[in-house]
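Single-structure report; data block below.
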Amino acid sequence: MSKQNFTIQTQNLTIGYKSKSETITIAQNINLGLEKGKLIALIGENGIGKSTLLKTITGIIPPLQGEVSLLHKSLQSYKPLDLAQELSIVLTEKLPPSNLTVYEIIALGRQPYTNWLGTLSKEDTIKIEEAISLTEIQHLVHKKHDEISDGQLQIALIARALAQDTSIIILDEPTTHLDLVHKATLLKLLQKLTHETGKTILYSTHDIDLAIQMTDEMIVFTPTQIVQDQPCNLIQTGIFNTLFDTEHLTFDATIGKFKIK
Amino acid sequence: MRHYFFLVVLFLAFIQCKESEGSANMNTSAQNSIQHAEGFSIEKYDGFSVVKVSNAYPEAKNDYTYILHKKGVQIPDSLKQFTSIEVPIKKVIVTSTTHIPALESLGVENTLIGFPTTDYISSEKTRALIDAEKVRDLGSNQGLNTEVILDIQPDVIVGFSVDGDLKTYKNLEKNGQKIIFNGDWTEKTPLGKAEWIKFFGALYDLDEKATEIFNSIEKEYNSVLVLAKNAKTQPTIFAGSIYEDQWFLPQGDSWAAYFLKEANGNYLWKDSKGTGSLALSFESVLDKAKDADFWIGPGQFGSIQEILNSNPNYIHFKAVKNKNVYSFSTKKGKTGGVIYYELAQNRPDLVLKDIVKILHPEVLPDYELFFFEKLK
Amino acid sequence: MPLTKKQNLLFIILLLVMVFLFLVNISLGSVSIPLKEVVNGLLSQEMSKESWEIILWNFRFPKAITAILVGIGLSMSGLLMQTLFRNPLAGPYVLGLSSGASLGVAFVILGTGFLPTFISSFFLSNYGLILASSLGSLLVFMAVLLVSKKLKDTMAILIVGLMFGSFTSAIVSVLSYFTSAEKLQKFTFWSMGSISNLSWNEISLLSLFVIFGIGISFMVIKPLNALLLGEKYAQSIGINYKKTRFLIIIATSILAGSITAFAGPIAFIGLAVPHMAKLLFQTSNHFVLFWSTLLLGAIVMLCCDTIAQVPGNDITLPINAITSVIGAPVVIWLLVRKKRF
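Chains as they are written, first to last, in the numbering used here: chain A, 1 to 261; chain F, 262 to 637; chain W, 638 to 978.
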C-alpha cells in the first residue's frame with residue numbers, strides 16, 4: 001500500500017486520559033492506517049476503549065504518546081476550520097429541540113466553507129444536493145427533524161457529513177438503535193459511499209457479523225491487542241474467539257458468526 | 262344628750278360642707294372658646310376644663326375627651342370615665358415639631374423631656390435643651406421607645422397619628438401613661454391650625470397667654486389679607502415637583518392652596534377637589550403651567566441648577582427661565598430639620614406675608630421673606 | 638437558507654406594524670394631542686401649542702426611542718441565552734446580571750447609612766444610579782466569566798448564574814429589612830423599571846451600548862446555528878465553542894447590563910419575544926430569528942409602553958407590570974395555536 005492512500009495514520013499511538021493527579025492508559029502502541037475508499041469497522045467489547053480511540057483519532061482528546069496524522073499532517077497541527085474540512089462525524093445522540101428541517105441540517109454541514117454569516121454559495125448548494133441524492137432522501141428534505149423516524153434522521157445526519165465534503169467520515173455506533181432492515185440499509189449506503197466518493201468511512205459497532213459481511217477492513221480491539229485487517233484474514237487468525245472473555249459464546253468460522261453455547 | 266345631738270348635727274353639716282367644696286359646679290354651661298379650629302373645643306368650668314378632640318386622626322370615628330383639672334379639684338362623676346390630666350403639667354413629651362413653637366411661645370419649652378428623632382427640631386431654644394441632654398430621643402413616631410418613656414415618666418404625652426394606627430399609644434396607656442391627641446395638622450384653615458396654641462395653653466393653665474398670642478397672630482393675618490385683596494395683579498402659580506415619574510401638587514382645598522388663594526394668587530389647580538395631593542405626569546403639568554409666573558414649593562430642590570440637573574426638561578417652564586422659583590426647604594435648623602415644617606403652622610401670619618411678598622412685592626415693601634427663599 | 642414567501646411577507650408586516658406603533662406611541666399620553674397636530678409636529682415641527690412641541694420632542698420621542706432600544710436589546714440577549722443554554726426558560730437575566738444591578742442600586746439607595754455623605758448623595762443622582770447598577774452587573778458578570786473559564790459544562794454556568802442571582806437577592810432583602818420607608822419606596826420604584834425621562838445624552842449612551850451588543854450578536858449568527866446541532870457537532874464543523882460562548886456572554890452582558898442601568902430591570906421581554914419570533918416564523922435559523930426578534934422586541938415594548946401610559950388619564954402604570962401581564966398570555970396563546978414549540 002502506497003503511503004498516499006492513507007487518510008488517517010497512527011504511529012505508536014498510546015491513548016488514555018491525563019489529569020493533574022493521574023494518568024490512565026487505555027491502550028498502547030497502536031499502529032493503524034485508514035485508506036481512501038475503504039469502509040472500516042471498529043469492534044470490541046463494551047468499555048474496552050473504542051470511544052477513547054475515536055476521540056483521539058478525531059482530535060477531541062490528545063494522545064498520551066505517539067502521533068495521529070491526517071492526510072500526512074499531524075492532527076494536532078490542524079486549525080479547527082481546516083480540520084472540519086477533512087474530518088466529519090455522525091453521532092447517535094439526540095439533537096436539541098428546534099425547528100430545524102432536514103435540509104437545514106444538511107446545509108449546516110457546509111459551515112466550514114461558508115462566509116462569516118453562513119450564506120450558501122452556488123457550490124454549497126450543489127454539494128448539498130449531491131449529498132441528498134447520494135442518500136436518496138429528497139422526499140424528507142422539507143420535514144422538521146423531529147417529524148422523521150430515528151433511522152431517517154440517521155441518514156439525514158450522514159447526508160450532513162457528506163455535504164461537509166471531508167476525506168473521512170467517522171460514525172459512532174450508527175447501527176446500535178436500528179432494526180435489522182435499517183441496519184442493512186445503512187451499511188449498504190456506507191458501502192456505496194466509499195465506492196462512489198472515495199472517502200474513508202470508519203464506524204464503531206457491536207454488530208460484528210454484519211461488519212464481517214460488509215466492510216473492507218476491521219479494527220479489532222481486544223484486551224491484549226489492536227489488530228487491523230480484512231475480515232477474512234481476521235477470521236483465519238481466530239481473533240474473534242479472543243474478543244470476548246466469556247464461556248457463553250463461540251465463533252463459528254464457517255458461517256462467520258457467533259453462536260451461544 | 263343634747264351635747265351628742267349637737268355633735269352629730271355638727272358632724273353631718275361638716276360632711277355636707279366638705280362635699281359641696283369638692284364637687285364642682287356644673288350648673289353654668291360653659292362656652293367653647295375656640296372659633297377657627299374645628300378639631301377641638303375647650304369648655305372652661307370652675308377649676309377644670311373639658312377638652313374634646315374630634316379629629317385626632319383622619320377618619321377618626323370617636324371624639325376624645327380630656328378633663329384638664331387643677332390640683333385638688335374633684336371631677337364630677339359624669340366625667341370620671343374620661344382621661345383626666347392634672348394641670349399645669351411639669352413634664353411633657355410631644356411627638357411633632359409643630360408642637361415645639363407652641364411650647365416656646367408659652368415659655369414652657371423647658372418642660373420638654375422627650376421627643377422622637379430630636380434631630381428634626383430646628384428651633385434654637387429647644388436645641389439648646391437637647392444639647393444639654395435634657396430631652397431624650399425616643400426613636401421614630403411609629404415605634405416610640407416605650408422603655409425610655411416609662412423611665413422618664415412624663416405627665417402627659419401629646420401624640421398624633423396619621424393613619425389611626427394607635428398600637429404604640431395603647432401600649433403606653435396600658436402601662437399607665439396619659440396620652441392626649443393633637444390633631445392640629447388636620448385643620449383646613451391656617452388660623453384653625455394656629456389656634457391649637459390654646460390646646461397647649463390649657464395644659465399649662467396659661468389660657469390667657471395663649472389667647473393673647475393667638476389674637477395677635479389673627480390680627481396680623483387679617484391685615485395682610487386686606488392688603489393682598491387690593492393688589493393689582495393675580496399671578497399664575499404652580500407647585501410641587503416630580504418624584505418617581507409622578508408630579509405631586511397640592512389639591513385645591515389643601516392648606517398650601519388655601520394660602521395661595523388668600524394671597525390673591527391664581528393657583529392653576531385651584532379647582533381640584535381634595536385636601537391632599539394630585540399625582541400628574543410631567544407632560545400634564547408642563548401643558549398647563551408652562552407659562553405660569555411663579556413656582557412655589559418645588560420639593561427638595563435647593564437651587565436652579567439642582568432642578569435642571571434632575572431633569573433638563575424643567576427649563577421649559579417660564580418660572581424656571583426667569584428664576585421665579587421659591588422654596589421653603591432651604592431654610593433648615595442646625596441638624597437639618599426644615600424650619601417651615603416646624604413653625605409655619607403656628608405662624609400663618611408669616612406664611613401669608615411671605616407669599617404676598619412673593620406675589621405682590623409692592624404691597625409689603627419693607628418685609629423680608631421669613632420661610633421662603635428665592636432659588637438661585 | 639433563503640426566506641420563504643411567507644416569511645418575507647411577515648417581515649414586511651412586522652416592519653409596518655412597528656412604524657405604526659411608533660406613531661401611536663408618540664401620539665398618546667396623559668395630555669391629549671390630536672393626531673393631526675402630531676403629524677404636523679413630525680413633519681414641520683410646528684404645532685398649535687408650544688407646550689405640545691416640547692412634550693412631543695422632549696418626552697414622547699425619547700421615550701419611544703428608549704422603548705425600542707430596550708425592546709431590541711433585551712429580546713436579543715434572551716435569544717442568545719436560550720440558544721446557548723438550550724433552555725426555553727432562559728432570559729437575559731439568567732447570568733444574574735439584573736440581580737447584580739439590584740445589588741449595586743440597593744447599596745446606594747438602601748445602604749446610605751454605610752457610605753459617607755458625599756458619595757451617597759452623588760450616587761442618588763441619575764448618573765450615580767446608572768453607575769451603581771453598571772458596577773453591580775459588572776461584578777456579577779466578571780464572577781460568571783471567571784467561573785466559566787474553569788467550567789467546561791455550559792449548564793453549570795447557568796446554575797452558577799442563578800446562584801449568584803439568589804445570593805445578591807438575599808443581600809438586597811437584608812438591606813431592605815433595615816431601611817426606612819422612603820428609601821424602600823425609592824428602591825422599589827427603581828425595581829419597577831422606567832423608560833421615561835431619559836435625557837438625549839443618556840439615550841445616546843444607551844444606544845451605543847445596545848448597538849455594540851447587537852453587533853456582536855449579529856457576528857455569532859453562524860455559530861448559533863451550529864449550536865442547534867449540539868456542542869459536539871458544532872465543534873466538528875469548525876466552531877470555536879469557547880470563543881463563541883465568550884462572545885455570547887459578552888453580548889448579553891452588555892445588552893442586559895446597560896439596559897438595566899438606564900431603565901431598571903424590565904421583566905419578561907427577553908424571555909417572551911424570542912419565543913414569539915420562533916412561533917411566528919416557525920424556524921430556528923438564527924438569521925431569520927435575529928431580525929424577527931429585533932422587530933418583535935421593538936413592537937412589544939412600544940405596545941406595552943403605550944398601554945402603560947393609560948392615554949387620556951394622568952395615571953401611569955409601571956412598565957414591568959404591563960410587560961408581564963401582557964407577555965405571558967400572548968406566549969400561551971401562540972403556543973396553543975401553533976402547537977409546536
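Backbone N, C-alpha and C fix where the C-beta goes; we use that ideal spot for every residue, glycine too. Just so you know, these numbers come straight off a predicted model, no measurement behind them.
DSSP, read as helix, strand or coil, puts A:H182 in helix.
Distance between F:S477 and F:P609, taken at the CA atoms: about 11 Å.
For F:E385, the uninterrupted alpha helix (DSSP H) segment begins and ends at E385 to D392. Taking a Cβ-Cβ threshold of 7 Å, the residues of chain A close to W:S873 are A84, S88 and I89, in chain order. Residue contact with chain W for F:K551: present (Cβ-Cβ distance below 8 Å to some residue of chain W).
Proximity of F:A540 to chain W, defined by a Cβ-Cβ separation below 8 Å, is satisfied. Between A:Q164 and A:S88, the gap from beta carbon to beta carbon is short of 8 Å.
Assignment of F:A518 by DSSP, reduced to helix, strand and coil, places it in the helix class.
Residue pairing by DSSP puts A:Q65 in a beta bridge opposite A:T14. Straight-line measurement puts the Cα of W:A704 at about 18 Å from the Cα of W:A914. Close partners of A:G109 in chain W (Cβ separation under 8 Å): I874. Taking W:E687 as the centre and dropping the five residues before and after it, the same chain places no C-beta closer than 8 Å to its C-beta.
DSSP assignment within the region 722-794 of chain W yields the following whole alpha helix (DSSP H) runs of 4 residues or more, N-terminal first: 734-746, 754-760 and 763-787. Per DSSP, A:M218 lies in no alpha helix (DSSP H); the unbroken beta strand (DSSP E) holding it starts and ends at E217 to F221. An exposed status is given to A:G198, since fewer than 16 other beta-carbon atoms sit within 10 Å of its beta-carbon.
With respect to the 8 Å criterion, F:F376 and F:V348 are not classified as neighbours on the basis of their beta carbons. With a cutoff of 8 Å on beta-carbon distance, F:F562 and F:A605 are scored as not near each other. Along the region 121-193 of chain A, the alpha helix (DSSP H) occurs as fully enclosed runs of 4 or more residues at 122-135 and 150-163, listed in sequence order. At least one beta carbon of chain W lies nearer than 8 Å to the beta carbon of F:P573. Boundaries of the alpha helix (DSSP H) around W:K915: I906 to F918. Taking a cut-off of 8 Å for Cβ pairs, the region 134-147 of chain A and the region 55-70 of chain A do not touch, as fewer than three such pairs fall below it.
Nearest CB-CB separation between W:D942 and chain F: not below the 8 Å threshold. Using a C-beta cut-off of 8 Å, the region 298-307 of chain F makes contact with the region 433-448 of chain F, since at least three inter-stretch Cβ pairs fall below that distance. With its beta carbon less than 8 Å from one in chain F, W:S688 belongs to the interface. With a threshold of 16 other beta carbon atoms within 10 Å, F:V353 meets it and is buried. By the rule that beta-carbons nearer than 8 Å mark a contact, A:L171 does not touch chain W.
For the region 903-936 of chain W, the residues whose beta carbon sits under 9 Å from a beta carbon of chain A are, in order, K915, F918, Q919, T920, S921, N922, H923 and F924.
The criterion of a C-beta distance shorter than 8 Å is not satisfied by F:V586 and F:L620.
In this structure, DSSP gives F:A321 a state outside helix and strand, which the three-state scheme calls coil.
For F:F461, the uninterrupted alpha helix (DSSP H) run begins and ends at I458 to L464, by DSSP. Of all residues in the region 707-734 of chain W, none places a beta-carbon less than 7 Å from a beta-carbon of chain F.
Taking the Cα positions, W:Y730 is about 47 Å away from F:W516. Taking 8 Å as the upper bound for CB-CB distance, F:T378 and F:S345 are not in contact here, some 30 Å apart. Counting only residues of its own chain and dropping the five nearest sequence neighbours on each side, F:D615 has a CB closer than 6 Å to the CB of L630, F631, F632 and F633. Interface flag for F:F589 against chain W is unset, since no Cβ pair is found closer than 8 Å. Around the beta carbon of F:W457, 16 or more other beta carbons lie within 10 angstroms, which makes this residue buried.
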